[in-house]
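A.B. asks:
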Amino acid sequence: MDLNAKLNILERMVDIYDHLVGEFDLACEKYCSHCCTANLTMTTLEGYRIHAHLEETGNMRHLETISRQPHPDRFTPRVSINRMADICARDGDPPEEHLNPDVGPCPVLAGHACPLYAVRPFGCRCMVSARNCGKTGFADMDPFILTVNDVFLQHLEHIDAQGYTGNFADIMQFMACDENRQNYAAGRLGAAPDGLVANQPVFVLMIPPEHRKRIQPILMQIRSIQV
Ligand code: SF4
Ligand code: SF4
783 MDLNAKLNIL ERMVDIYDHL VGEFDLACEK YCSHCCTANL TMTTLEGYRI HAHLEETGNM
843 RHLETISRQP HPDRFTPRVS INRMADICAR DGDPPEEHLN PDVGPCPVLA GHACPLYAVR
903 PFGCRCMVSA RNCGKTGFAD MDPFILTVND VFLQHLEHID AQGYTGNFAD IMQFMACDEN
963 RQNYAAGRLG AAPDGLVANQ PVFVLMIPPE HRKRIQPILM QIRSIQV
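Using my numbering, the first residue of the sequence shown is number 783, and each one after it goes up by one.
1. Following a CB-centred definition, is L898 positioned closer than 8 Å to any heavy atom of ligand 4?
2. Would you mind listing the alpha helix (DSSP H) stretches within the stretch 812-854 that are 4+ residues and don't spill past its ends, in chain order?
3. Assign L881 to one of two classes, buried (16 or more other C-beta atoms within 10 Å of its C-beta) or exposed (fewer than that).
4. Classify L935 as helix, strand or coil using the three-state DSSP reduction.
5. Any heavy atom of ligand 1 closer than 8 Å to the CB of S862?
6. Is the beta carbon of H894 within less than 8 Å of some heavy atom of ligand 1?
7. Could you have a look at V979 and say whether DSSP puts it in helix, strand or coil?
8. State the start and end residues of the unbroken beta strand (DSSP E) segment that holds Y946.
9. Beta carbon of V930: closer than 8 Å to some heavy atom of ligand 1?
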């Protein structure tokens, strides 16, 4: 599948997700940014889309901000979500992940606003809560939304199966290099560099038994995306 087709699928999936989540009663609102942390992760496809958007809108200074301020204790995943699902389905031991919940804000957050809002990664989009996290100290997420999030994250990785997953800052630094972007666009990426992990197709979806029936129409919507 060529890159434009993947980007179109990404757009369609975002539309489907926003429509779905819009049906829930959420406390999320403009300038609420407790969930905007340096632990954000995303795929190379999302990083490519953000890079293209920054170029188109003449906002490349945000890339410099990201490169200048990668948090030393930011979350860097050791496996992708599809690899994790695979390991769990085979009763294996997933690697221990280190995540510092007090890592601090996302490097591009400015005055509680996101300069990338229109093209923010799915990891930001899927952080939602029924109660304001600033008041409770944690996100209050409907268990079905958690399942929906996993399904979308797994499919997003699937369409970018030749790419990588990593911390937002690491993926953006990778995409800042012209050669990396060209190789990515041509489907010529090799083994994942340090700090990033290889994506893979979906082999098993992480859907708990109680959500298997309810998720079916959503799966059909995702699978019916035509490009
Ligand atoms: S997830 Fe929490 S912190 Fe983020 S916008 Fe929603 S209520 Fe605010
Ligand atoms: S990219 Fe934007 S929405 Fe996502 S964590 Fe950073 S500031 Fe928040």
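Where is the CB? At the ideal position from N, CA and C, for every residue including glycine. All values derive from a computational prediction rather than experimental measurement.
C.D. replies: Per the coordinate set shown:
1. In the structure shown, ligand 4 is absent; the only ligands present are ligand 1 and ligand 2.
2. 826-838, 843-850
3. In the sequence shown, counting from the first residue as 1, residue 881 sits at position 99. Per the 10 Å Cβ criterion, exposed.
4. The residue given as residue 935 occupies position 153 in the sequence shown. In this structure, DSSP gives L935 a helical state, which the three-state scheme calls helix.
5. Counting from 1 along the sequence shown, the entry for residue 862 is found at position 80. It does not: the Cβ of S862 is nowhere closer than 8 Å to a heavy atom of ligand 1.
6. Residue mapping note: residue 894 aligns to position 112 of the sequence shown, counting from 1. Incorrect: H894 has no Cβ contact closer than 8 Å to ligand 1.
7. Mapped onto the sequence shown, residue 979 falls at position 197. DSSP places V979 in strand when its eight states are reduced to three.
8. Counting from one through the sequence shown, the residue named residue 946 turns up at place 164. For Y946, the enclosing beta strand (DSSP E) starts and ends at 946-949.
9. Translated into positions along the sequence shown, residue 930 becomes position 148. The answer is no for V930.
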